[in-house]
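Just add 1 to wherever you are in the sequence shown, counting from 1, and you've got my numbering.
Even for Gly, the Cβ is constructed at its ideal location relative to N, Cα and C.
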Amino acid sequence: MQLELSPQQLEIQLHARKFARELMAPVAPIHDREGSFPLELLREAHKQGFLTPLIPKQYGGSEIGCLGACIQAEELASACMGIYVSIFVSTLALYPIVRFGTQEQKQRFLKPFCQGFSLASYCLSEKDAGSDPSSMKTLALPRGDHYLLNGTKMWITNGGYADLYVVFATRDPALKHRGILALIVPSSLEGVKPGEPIDKMGQRASNTTPVTFKEVRVPVENLLGGEEEGFKKAMAALDVTRPIIASGAVGLARSAMELASSYASRRVQFGVPIAQHGAVQTMLADMGISVSAARLMVWRAAWLADKGLKNTKEAAEAKAFSADAAMKVTTDAVQIYGGMGYTKWHPVEKLMRDAKVIQIYEGTAQIMRRIVAREMVREHS
Ligand SMILES: Cc1cc2nc3c(=O)[nH]c(=O)nc-3n(C[C@H](O)[C@H](O)[C@H](O)COP(=O)(O)OP(=O)(O)OC[C@H]3O[C@@H](n4cnc5c(N)ncnc54)[C@H](O)[C@@H]3O)c2cc1C
2 MQLELSPQQL EIQLHARKFA RELMAPVAPI HDREGSFPLE LLREAHKQGF
52 LTPLIPKQYG GSEIGCLGAC IQAEELASAC MGIYVSIFVS TLALYPIVRF
102 GTQEQKQRFL KPFCQGFSLA SYCLSEKDAG SDPSSMKTLA LPRGDHYLLN
152 GTKMWITNGG YADLYVVFAT RDPALKHRGI LALIVPSSLE GVKPGEPIDK
202 MGQRASNTTP VTFKEVRVPV ENLLGGEEEG FKKAMAALDV TRPIIASGAV
252 GLARSAMELA SSYASRRVQF GVPIAQHGAV QTMLADMGIS VSAARLMVWR
302 AAWLADKGLK NTKEAAEAKA FSADAAMKVT TDAVQIYGGM GYTKWHPVEK
352 LMRDAKVIQI YEGTAQIMRR IVAREMVREH S
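Printed below as a string of structure tokens:
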């Protein structure tokens with residue numbers, strides 16, 4: 002394994018860093034304050050290829066692989082995790098089509114997505130089915146040439162703006178995992194209705210809504226990956242997308258670490274910069290250790306994914322560790338800023354609010370540990 006970035010990876014990093022610094026960072030506090038969606042910025046992000054890192058070039062994507070996407074994610078999320086997650090979720094939704102879609106589906110859905118501005122959403126969670134999606138109630142009943150889709154998905158990122166939803170639904174709730182299938186649902190189909198945006202603690206630039214599907218007739222050609230395999234395939238796709246969101250957490254934590262280091266070198270108490278006090282040094286050092294360790298775990302999980310090797314455990318480890326690291330690093334950054342950290346005058350309180358949900362979405366911190374433990378037991382029994 003090469004730990005040095007290749008010239009192509011360095012280019013990916015610089016491109017994303019420039020976009021993050023010049024276009025994302027200046028507007029991030031505004032969207033956070035207003036809870037408004039950065040539609041024009043996303044249009045530009047799409048134009049620059051940030052929404053299609055895992056889509057092959059033959060369909061118009063930027064095809065930079067999982068590690069490339071992670072390098073990009075760290076840079077973009079360092080400017081604003083809320084805006085980054087709005088960019089990222091299209092990858093979460095479309096990667097199952099890349100991986101399990103038919104040639105015809107790829108032509109029909111991936112190509113137009115890459116050609117013009119478009120957003121996609123991933124619809125797995127429901128109000129009463131979060132960590133346990135096998136208890137979902139959204140029904141997809143086979144009716145000859147179509148599935149009849151009925152139900153409400155909850156917490157859908159980009160829900161109010163997506164042109165395409167990848168929806169997980171069940172043929173029969175009694176079948177649990179085995180009953181779950183995945184459907185590609187264009188927002189233009191009759192009966193698709195996003196709800197009002199949810200007012201959130203952090204990542205406020207992202208748009209999170211319920212989405213209701215009422216008597217939606219989804220053509221059978223939009224079934225993704227077969228009737229029996231929907232759930233298994235959804236989980237397999239997460240092994241590739243989890244390192245990417247984990248890398249977003251690294252970017253967010255890195256920003257908090259840089260801000261705290263800079264503040265600690267400027268803020269004087271007891272006649273010296275607070276960076277010279279041992280207790281502050283320990284917090285700064287722990288931040289550095291966490292960010293470096295998280296990045297290495299992310300890169301390992303992504304490297305395995307790009308090699309086509311099994312990485313379920315490593316992806317869950319990276320997601321759990323990076324999310325926890327982001328929470329701890331941002332909390333300590335607020336601590337280092339003292340009272341100033343607790344105000345809206347400085348950016349560290351936003352970073353702390355933005356970090357929290359990374360421990361919740363795409364599988365909670367507890368569910369990640371469940372996966373790690375399950376894989377460990379499998380390996381060693
Ligand atoms: C801002 C935001 C954006 C989101 N975006 C999307 C999206 O785009 N698409 C989508 O499908 N979903 C999305 N989600 C949903 C997210 O994935 C779920 O919130 C998450 O899976 C947890 O489900 P829950 O909220 O129902 O919590 P619950 O499952 O009710 O969990 C509550 C608590 O119990 C713990 N717990 C549950 N089961 C176990 C267990 N077996 N062992 C140990 N602890 C357990 C959890 O870890 C958690 O701490 C989003 C959520 C948020 C907040």
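Under the three-pair Cβ rule at 8 angstroms, the region 268–279 does not count as touching the region 222–231. Excluding five sequence positions before and after Q106, the CB atoms of its chain that fall closer than 8 angstroms to its own CB belong to I98, I185, E222, N223 and L225, given in chain order.
Judged by DSSP in its simplified three-state form, S188 adopts coil rather than helix or strand.
The beta carbons of C115 and V167 sit no closer together than 8 angstroms.
Shown here, C124 sits in a strand according to DSSP, grouped into three states. When secondary structure is reduced to three states using DSSP, K314 falls in the helix class. Using a C-beta cut-off of 8 angstroms, the region 142–150 makes no contact with the region 194–202, since fewer than three inter-stretch Cβ pairs fall below that distance.
Nearest to E12 by alpha-carbon distance, out of P27, D33 and S63, is S63.
Within the region 104–176, the runs of beta strand (DSSP E) that reach at least 3 residues and sit entirely inside it are, in chain order, 121–124, 140–144, 147–158 and 165–171. E380 and R255 have their alpha carbons spaced roughly 33 angstroms apart. By the criterion of a C-beta distance shorter than 8 angstroms, E363 is surrounded in its chain by L93, L239, T242, R243, I246 and K320, once the five residues flanking it on both sides are discounted. With a cut-off of 8 angstroms on Cβ pairs, the region 227–237 is not in contact with the region 46–65, counting fewer than three such pairs. Measuring C-alpha to C-alpha distances from S79 to each of A374, D355, G36 and R375 identifies D355 as the nearest. Within the region 195–220, the beta strand (DSSP E) runs of at least 3 residues that lie entirely inside it are, in chain order, 209–220. The C-alpha of L253 is placed about 31 angstroms away from the C-alpha of F271. Short of 8 angstroms from the beta carbon of R22, and not among the five residues preceding or following it, lie these beta carbons of its own chain, in chain order: A80. For the pair of segments examined, the region 338–355 was found not to touch the region 304–312: the number of CB pairs separated by less than 8 angstroms stays below three. Per DSSP, the beta bridge partners of I181 are T171.
Restricting attention to L120, Q108 and K154, the CA atom closest to the CA of A130 is found in K154. In this structure, Q10 sits away from E76, with a CB-CB distance that is not shorter than 8 angstroms. Only buried fits E315, as 16 or more other CB atoms lie within 10 angstroms of its CB.
Annotated three-state conformation of V28 is coil, per DSSP. G249 is positioned such that its CB atom lies no closer than 8 angstroms to that of A26.
Ligand 1 has no heavy atom closer than 7 angstroms to the beta-carbon of Y166. If the five residues before and after D307 are omitted, its C-beta is found closer than 8 angstroms to the C-beta atoms of G66, C67 and L68, all from its own chain and listed in chain order. Under the DSSP definition of a beta bridge, P274 partners with V269. Going by beta carbons, L52 and I88 fall inside the 8 angstroms limit. Per DSSP, reduced to three states, the secondary structure at L93 is helical. Relative to ligand 1, the nearest heavy atom lies less than 7 angstroms away from the CB of S132. The beta-carbon distance between S291 and V330, rounded to whole angstroms, is 6 angstroms. This is short enough to meet the 8 angstroms contact definition.
A Cβ-Cβ distance of about 17 angstroms is found for the pair T210 and P187, leaving them out of contact under the 8 angstroms criterion.
With fewer than 16 other CB atoms across the displayed protein chains lying within 10 angstroms of its CB, P8 is exposed. When rounded, the separation of the alpha-carbon atoms in D325 and G231 is 30 angstroms. Residues A317, K320 and A321 of the same chain have their beta carbon placed closer than 7 angstroms to that of M369, with the five preceding and five following residues left out of the count.
In this structure, the C-beta of T283 stays at least 7 angstroms away from each heavy atom of ligand 1.
Remark: the C-beta of K201 is in contact range of ligand 1, defined as less than 7 angstroms to any heavy atom.
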